[in-house]
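Residue numbers are given in full-length UniProt numbering: position 18 of the sequence shown equals residue 18, and the series is strictly consecutive.
Glycine included, each C-beta is placed from N, C-alpha and C at the ideal position.
Below: one structure, written as structure tokens.
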Amino acid sequence: MENTMSLQLYRALSQLGRSIHRTGHGMAHDCAAAHTMHHGQYDALSLIGQEDGASQQDLAEKMDIRPSSMTELLGKLEQADRIVRRKDENDQRVMRVFITEQGKEDIQQIQSVFSNFTTALFDGLTEEEQAQFLTLIQKVNMNIKEKMDTEELSDHHCGHHGHHGHHDIHGLHGRHGHHGCHDLHGHGLPHLHDTRVGKK
């Protein structure tokens, strides 16, 4: 028998994801920095702000992307005067990456918009309700991870359709090839894994 409650929860989460997507995208237009920087660039800039002077190779490893992709990403940030790259004084083969004042200002602007966004998003819940909601979401995420690890929710259960029209709760950005994905991350505003700037 179909688990009606599970289906209702799934639909509610999908609707929540779409609402966050629309609201976040709209708020991003009020922030020039967010409007001109996609989430990958923001993630890199935020990481550089935390680890100013890190090598380009280390940044690529921590972001788990190819060196060539990192080079392209940093090139766009440098073109926008958000970072500078300099060769290591002791090893000319190593390229060091530093955040600029413009980069710091852009991060702070985005963080301010994102803070207002998240506050407005959950201001209908008490602190206790927010804590309970967070606990439940974390349990769902852990369950999904465990199921994925055991392949119970692997791709073949979706019928080999290339994920077209697939709904999940991972990233509204819609990874390459995942057309029509809906989830619980805001597309208009970048991820804020750590909001510290200029701290190591």
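Beta-bridge partners assigned by DSSP to S55: R96. Look at R85 here: in three-state DSSP terms it is strand. In this structure S112 is exposed. Its beta-carbon is surrounded by fewer than 16 other beta-carbon atoms within 10 angstroms. Excluding the 5 residues flanking it on each side, A44 has same chain C-beta neighbours closer than 6 Å at L73, in chain order. Ranked by how close their Cα comes to the Cα of D91, the residues S55, Y10 and R82 have S55 in first place.
Here the C-alpha atom of S68 lies approximately 11 Å from the C-alpha atom of G75.
For H38, there is no enclosing alpha helix (DSSP H), as DSSP gives it neither H nor E. Boundaries of the alpha helix (DSSP H) around L74: P67 to Q79.
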